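For the sequence shown, this note's numbering begins at 2 and goes up steadily by one. The next block holds one structure in the form of structure tokens; read it before the comments.
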Amino acid sequence: AGADISHLRFGRRAVAGVVVLSFPDLEVIEESLAVGEASFPYVPGLLSFREGPLLERAFGGLSRMLDLIFFDGQGIAHLRRLGIASHLGLRLGVPSVGCAKSRLWGEAREPAGEKGAWEPLKAPGGEVVGAVFRNEKESSPFYVSPGHRIDLEGAILYTLAVSPRYRIPVPIRAAHIRTNEERRRLGIV
2 AGADISHLRF GRRAVAGVVV LSFPDLEVIE ESLAVGEASF PYVPGLLSFR EGPLLERAFG
62 GLSRMLDLIF FDGQGIAHLR RLGIASHLGL RLGVPSVGCA KSRLWGEARE PAGEKGAWEP
122 LKAPGGEVVG AVFRNEKESS PFYVSPGHRI DLEGAILYTL AVSPRYRIPV PIRAAHIRTN
182 EERRRLGIV
């Protein structure tokens, strides 16, 4: 599954979505949306407190158990080792991976230009907490980190497996598209 939330950056009203796909063909088989207000302000590093409750409502609307969740956010590549992928993966008891478009924390070199290239993302002190990952040849890299019940190697392998055509993994992309469609339909602009 892919999970994402759509709202104006500092707005309170939002649409959270979870899109479940089959594997390996990546066809949508279920989705669940939740609409509500964020009660927590936007604070970098505390995304799960702002987006987590609404995402949990969306997860509650699913009729099936999940094998793996991809979140638009960090896993353990986080100051407290508890980004939204780690936090919600733990709360839901499901393996999870964080895929973020920007670096929250840590240092890494730029990966090579080919699809699947990656470099370790290291916390201060040298602990590897994720990877700077290139999913399309010469595209901008993004940050992959284990969330819950998965290691870095597995997070990278599954991210590559669900990313045959786009920079962003298909499950997150599907959730992003669906939540934005619903936000526009509801007039949350």
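For each residue, glycine too, the CB sits at the ideal point set by N, CA and C. The model shown is predicted, which means the values in this text are computed figures rather than measured ones.
Closest by C-alpha distance to residue i, when choosing among the options
{"i": "A156", "options": "E28, P54, D5 and L69", "result": "L69"}
{"i": "V20", "options": "F50, A59 and V44", "result": "A59"}
{"i": "R172", "options": "I6, G94, L27 and A15", "result": "The residue you asked about is not Arg; residue 172 is Pro in the sequence shown. Measuring from the Cα of P172, the nearest candidate turns out to be L27."}
Residue i, buried or exposed, once every other Cβ within 10 Å from all chains shown has been counted against 16
{"i": "L56", "result": "buried"}
{"i": "F72", "result": "buried"}
{"i": "Y167", "result": "exposed"}
{"i": "I30", "result": "exposed"}
{"i": "P165", "result": "exposed"}
CB contact check: residue i to chain D, cutoff 9 Å
{"i": "A101", "result": "Absent from the structure is chain D; it holds one protein chain and no more."}
Collapsed DSSP secondary structure at residue i in the structure displayed
{"i": "V36", "result": "strand"}
{"i": "I70", "result": "strand"}
{"i": "R184", "result": "helix"}
{"i": "R14", "result": "strand"}
Inter-residue spacing [alpha-carbon to alpha-carbon] between residue i and residue j
{"i": "R186", "j": "V36", "result": "12 Å"}
{"i": "R13", "j": "P54", "result": "13 Å"}
{"i": "R65", "j": "A4", "result": "15 Å"}
{"i": "G94", "j": "K116", "result": "31 Å"}
{"i": "L9", "j": "A15", "result": "8 Å"}
Nonlocal neighbours in the same chain, by C-beta distance under 6 Å from residue i, ignoring five residues either side
{"i": "R104", "result": "Y144"}
{"i": "F148", "result": "Note that residue 148 is Gly in the sequence shown, not Phe. These residues qualify, in order along the chain: G76, A86, S87, G90, S97, V98 and G99."}
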